[in-house]
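**Student:**
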Amino acid sequence: MQPTIRPFWPPLIAGIALGLALLLTFLLTGHGLGASGFFTRLTAWFGGEVAGPATHANSYLGPYLKGGAPLATWISWEILGVLIGGLIGALTSGRFKLRLDGATKLSGSGRLALALGGGVLTGFGARLARGCTSGIGLSGGAPLAVAAFLFLIGFFIAGVAVSVLLRRAWV
Amino acid sequence: MTLPLYDNGVASGLLSGLLFGYALENAGFASPRKLTAQFRFTDWSVFKVMFTAIIVAAIGLYAAMAFGWMPAKSVYVPTTFFWATLTGGALVGAGMAVGGYCPGTSTVAFATGRLDALFFMIGMVLGTGLFSGLFDSLKGFYLAGEGPQAQTLDGLLGIPTWAVLVILIVVAVLGFALGTRLERASGGALTAEQVNGDDKLEIVEHVEIVDIRAR
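If you read the protein sequences in the order shown, they are chains P and L. Using this note's numbering, read the first sequence as starting at 1 and increasing by one per residue. Using this note's numbering, read the second sequence as starting at 1001 and increasing by one per residue.
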C-alpha cells in the first residue's frame, strides 16, 4: 500500500526554517551553507585517484590536494548531513520513492542526458561564480553581499531564458 | 561566550547539513519539476523560500551584531568579481533549467530516491573538471571586474543596514503577492501529491511509458 503523501510546508514556513538553519550555521561556524565546494573537492579527490600527476599539476585543483585529503573538511560532513536530512524528510512524509525524475516529457535516456548536461553547466558555472545557489546566493545574501544579488540576477534571467528554449522537454 | 563559535568540526557540519537538507526537502526542493516551474512562473516557491530565508538570516545576523553578541565583520562575505559572478550565476541558472537542480537540491533529491540527480552530480564533477582544465586561459575573465573586498548592499548604496532590510522585505511582500497571483492563474503551486503521487516516473513503470510513447 502506498503511504500517505504529506503536503510540503507552505513557502513562508519553509523559508523561515531554512533561514534559521542558515543563521545557526553562521553562528556556529562564521560562514554559511554550501554545496558546490564539496563537488570541487570530490573532483580534486577523483582526479587525484585516476590522474594523479595531472591533477596535482593543475593550477585550480592542485592546491586542494596539497593537504593530502581533499574531502577531510567541514563541507563533506555538511553534505552528509544534507543527505541524511533529505532522507529523513522524505521517509517521514511518504515522499521517498526510487524513480527517474527530470524532464517530464522525455524518456529515460533523454532525462539522464539532460540531468548530466545540466550538471556540467552547473559545475562549470559554480566554479566561475566561486559558489552556487547555496554558497553564494543564500549564504552571501544573509550578510547582504553584493555578489549574492548579482549571482541571483544572472541565475534567474538565464534560467527563464533557457526554460523557454526547453519547453518541449519540461512541462 | 562570543559568536560566531568558528566551530568547523564534524558535529557542526552534520547538524548544519541535516537542518539544511530537512528544510529543503520539506520545501519541495527535491522535485526538479517544482524547482524548474519557477522559471516558467507557474510555481514561485524558489523565490518565496529563498527570499524569506535570506531575510530571516539577514535580520538574525544584523540583530546579533546590533546587540553586541557578535563583532562586526566576523562572518564570511563573498567579494564580487562582476563578470565571473554574473556569468557563473547565469550558468548555474541554465544548469537548473536544463537538468532540474542546483548542487544542494540535487543532493537532497538523490536522498529522496531520484536517480536522475545522481547523473546531475556526475555532470557537476565533469563540469568542475572542465573548468579546472581551462582555468589558466579563463583566469583573466575569472578575475575581471573585482569589486571592493566583501562589499555589502548597504556599502554599495550608502544607506544603513536596516534600510536595506526594509527594502528586501518590501520586495519579498510584492514578490509573494505577484507570485501567488500567477500561481493561481496556472492552477496553483505544485503539491507534494502532484510531484510524488500521480507521476508515471517510477523506474518499474518504465516499460509502460515507452509503450504509450510508441502508440
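We put the beta carbon where it would ideally sit given N, CA and C, even for glycine.
Specify the secondary structure class of arginine 168/P as computed by DSSP and reduced to three states.
**Tutor:** Note: arginine 168/P maps to coil in three-state DSSP.
**Student:** Less than 9 Å between CB atoms is the rule here; does glycine 1133/L satisfy it with respect to chain P?
**Tutor:** So yes, glycine 1133/L belongs to the interface.
**Student:** Put threonine 1085/L into one of helix, strand or coil per three-state DSSP.
**Tutor:** In this structure, threonine 1085/L counts as helix in the three-state DSSP scheme.
**Student:** When you compare only the Cα positions, how much space is there between glycine 123/P and glycine 1021/L?
**Tutor:** Computed Cα separation, rounded: 20 Å.
**Student:** With a threshold of 7 Å on Cβ separation, who are the neighbours of glycine 1145/L within its own chain once the five nearest residues in sequence on each side are excluded?
**Tutor:** The residues are Phe1081, Phe1082 and Trp1083.
**Student:** Contact criterion: CB-CB distance below 9 Å. Does alanine 1090/L meet it with respect to chain P?
**Tutor:** Cβ-Cβ to chain P under 9 Å: yes for alanine 1090/L.
**Student:** Taking 9 Å as the CB-CB limit, is histidine 31/P close to chain B?
**Tutor:** As a matter of chain content, chain B is missing from the structure shown, whose protein chains are P and L.
**Student:** What first and last residue would you give for the alpha helix (DSSP H) that runs through isoleucine 88/P?
**Tutor:** Segment 74-91, the alpha helix (DSSP H) holding isoleucine 88/P.
**Student:** Of the residues that make up the segment 1060-1078 of chain L, which ones have a beta carbon closer than 8 Å to any beta carbon in chain P?
**Tutor:** Listed by position, the residues of the segment 1060-1078 of chain L near chain P (Cβ gap below 8 Å) are Gly1060, Leu1061, Ala1064, Met1070, Ser1074, Val1075, Tyr1076, Val1077 and Pro1078.
**Student:** Quick one: grab the DSSP three-state call for alanine 17/P.
**Tutor:** Three-state DSSP puts alanine 17/P in a helix.
**Student:** So if I threshold CB-CB distances at 9 Å, which residues from the segment 1009-1027 of chain L count as touching chain P?
**Tutor:** Under the 9 Å Cβ criterion, the segment 1009-1027 of chain L contributes Gly1009, Val1010, Ala1011, Ser1012, Gly1013, Leu1014, Leu1015, Ser1016, Gly1017, Leu1018, Leu1019, Phe1020, Gly1021, Tyr1022, Ala1023, Leu1024, Glu1025, Asn1026 and Ala1027.
**Student:** For glycine 118/P versus glycine 1100/L, is the C-beta distance shorter than 9 Å?
**Tutor:** Closer than 9 Å, so yes.
**Student:** Would you mind reading off the limits of the alpha helix (DSSP H) that contains arginine 172/P?
**Tutor:** There is no way to answer for residue 172/P, as the model of chain P reaches only from 1 to 171.
**Student:** Against chain P, does valine 1108/L count as a neighbour if the rule is that its beta carbon must be under 9 Å from one of theirs?
**Tutor:** Yes, contact with chain P.
**Student:** Do you know offhand how far threonine 73/P's Cα is from isoleucine 157/P's?
**Tutor:** About 34 Å.
**Student:** Please confirm if leucine 1138/L has its CB atom under 9 Å from at least one CB of chain P.
**Tutor:** Yes, its Cβ sits closer than 9 Å to a Cβ of chain P.
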